[in-house]
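This report refers to the structure that appears directly beneath it.
Here it is as structure tokens:
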């Protein structure tokens, strides 16, 4: 339908061996636990129709959505991230490296925005 055809998740993973399809979504928000949860729920609601459309189109597959929500200072729901990364086949060491890289990237992004804003303020 029109709703699902216009949806563009950040990623789709098809595991043909295990017959799984994952909708991947990434979101940044502030670092409070409430904000992390709100961003997760918003992403679930946004892609709910796509999730159900994929389940109808591929009844032989297990279709799941994975949301990777990170705060601007690097906060995450670590239990949720590790559970999802385990589902993707990552071992503990791979999860550690992935989480560290994502947190570092989020902090770098926040620093870049803050530096740009500060520079613009000094130019005014």
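Numbering (this note's numbering), first residue to last: 17 to 140. Using N, Cα and C, we set each Cβ at its ideal position, and we do this for glycine too. As the structure is a prediction and not an experimental result, all values here were calculated from the model.
Where the beta strand (DSSP E) containing residue i begins and where it ends
i          : result
residue 83 : 78 to 87
Boundaries of the alpha helix (DSSP H) in which residue i is found, first to last residue
i           : result
residue 50  : 49 to 62
residue 102 : 94 to 103
Residue of the options minimising C-alpha distance to residue i
i           : options            : result
residue 122 : 87, 72 and 103     : 87
residue 64  : 127, 77, 75 and 82 : 82
residue 97  : 79, 71, 76 and 119 : 119
residue 24  : 39, 34 and 33      : 39
residue 22  : 66, 125 and 113    : 66
residue 34  : 71, 69, 68 and 77  : 77
DSSP beta-bridge partners of residue i
i           : result
residue 27  : 40
residue 126 : DSSP lists no partner for residue 126.
residue 192 : One cannot answer for residue 192 here, as it falls past the ends of the chain, which runs 17 to 140.
Nearest-angstrom beta carbon gap, residue j and residue i [assumed within contact, 8 Å]
i           : j          : result
residue 41  : residue 59 : 5 Å
residue 91  : residue 52 : 7 Å
residue 55  : residue 45 : 4 Å
residue 115 : residue 74 : At roughly 30 Å, the Cβ-Cβ gap does not stay under 8 Å, so residue 115 and residue 74 are not in contact.
residue 89  : residue 47 : 5 Å
residue 70  : residue 79 : 5 Å
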